[in-house]
Amino acid sequence: MQKLSSSALILCSALALAACSSTPLNDKAPIEDRGANTTQGDGSRTVGTVDTQSTDPLKDAKGALAQRSFYFDFDSYVLKAEAQPVVEAHAKYLSANKGRKVVIQGNTDERGGREYNLALGQKRAEAVRKSLSLLGVSDAQMEAVSFGKEKPKAEGHDEASWSENRRADLAYQ
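Numbering-wise (our numbering), the sequence shown opens with residue -18 and increments by one.
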């Protein structure tokens, strides 16, 4: 028994030492010169171009994806016709970026009971989710939730504030 345990100890020690060894790095890696600045025969220089299309369109404040709120009429969960181009832009983005996910947050104004507003907010979120789904966005990329009247965008107690709070927001993750 003692012979077996000492053999196991020697084997473990050898494995630990082998795991600590390292392979020397090759410092002479081949380098290819692809400089953007090149001098032409007349002494002038040309400068390479910069790819501006590689930025995330979600971060473009002036782009089609900058609008992430969809507004609803009082006591309604029907998407307005003017929201269609924005929904289409988000659907195109999500279809092209399968790794992106979005939470659709339904909201209401302060009028109405808590349960009613939570249900209405859910219907608003589901209306946007269904529109995105019909345009080809995978259900796995979307989640519809309701905040009811709990997350107002405007704090006033007038029609302008209420209309601002009747919305569904897209929150990308």
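Cβ atoms here follow ideal geometry from the backbone N, Cα and C, with glycine treated the same way.
These figures come from a predicted structure and were not determined experimentally.
What I want to know is whether the C-beta of residue 112 ends up closer than 8 Å to one or more non-hydrogen atoms of the ligand FAD.
By its list of ligands, the structure shown contains no ligand whatsoever, and the ligand FAD lies outside what it can speak to.
If you reduce the DSSP assignment to three classes, tell me which class residue 78 lands in.
coil
Simplified DSSP state of residue 48, which is helix, strand or coil:
coil
Does residue 96 get closer than 9 Å to chain D when you measure Cβ to Cβ?
The structure shown contains no chain D, having only a single protein chain.
Bridge partners - residue 88, DSSP secondary structure assignment
129
Does residue 135 pass the burial test, meaning 16 or more other C-beta atoms within 10 Å, or should it be called exposed?
exposed
Would you check if the segment 35 to 48 and the segment 85 to 101 touch, i.e. whether three or more CB-CB distances between them fall below 8 Å?
no
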